[in-house]
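To start, the structure itself, in structure tokens.
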Amino acid sequence: MEQEIDTNALGEAIVKKLKTIYDPEIPVDIYELGLIYDVMVNTDYEVKILMTLTSPNCPVAESLPREVEEKVKSIEHVKDAEVEITFDPPWSKDLMSEEAKLELGML
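Numbering (numbering that gives the first Met the number 0), first residue to last: 0 to 106.
What follows is the structure in structure tokens.
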């Protein structure tokens, strides 16, 4: 019988992994930057991430979502990962964490 994995714990591992991915133009990880809108894990350990980019013509529009998928798929127990990009709502500096604003000298 397969061991049950706590999807909440898996979600925390995913967030931890997302905090290792940086926007190449800003020295802040994509989670603290506010680019991640939602992380969903189903009972089959398939992950769906809803995220945005700092702008629709972001130079990493192709590579950043692919990097997110690859890093999340590398987490133990994750069977698959899919990233969906949305611009609704569009990203703004208001979505950044206090930590990110402090890092960028905005506080």
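For glycine and all other residues, C-beta sits at the position ideal for the given N, C-alpha and C.
- Approximately 7 Å separates the beta-carbon atoms of Glu68 and Glu81; this is inside 8 Å, confirming the contact.
- Where Val67 is concerned, the enclosing alpha helix (DSSP H) starts and stops at Ser62 to Lys72.
- Ranked by Cα distance from Thr53, the options Ile25, Ile20 and Gly10 are led by Ile25.
- Relative to Tyr36, the option among Gly104, Ser96, Asn56 and Val77 whose CA is nearest is Ser96.
- Beta-bridge analysis with DSSP links Lys47 to Met39 and Glu81.
- Cα atoms of Tyr44 and Thr6: separation of roughly 7 Å, rounded to the nearest angstrom.
- Per DSSP, Thr19 lies in no alpha helix (DSSP H) segment and is marked neither H nor E.
- Taking C-beta separations shorter than 6 Å and ignoring five residues to either side along the sequence, the partners of Val27 in its chain run Ala99 and Glu102, following chain order.
- In the three-state reduction of the DSSP assignment, Asp28 falls in the strand class.
- By alpha-carbon distance to Leu17, the top candidate from Thr42, Asn41 and Pro64 is Pro64.
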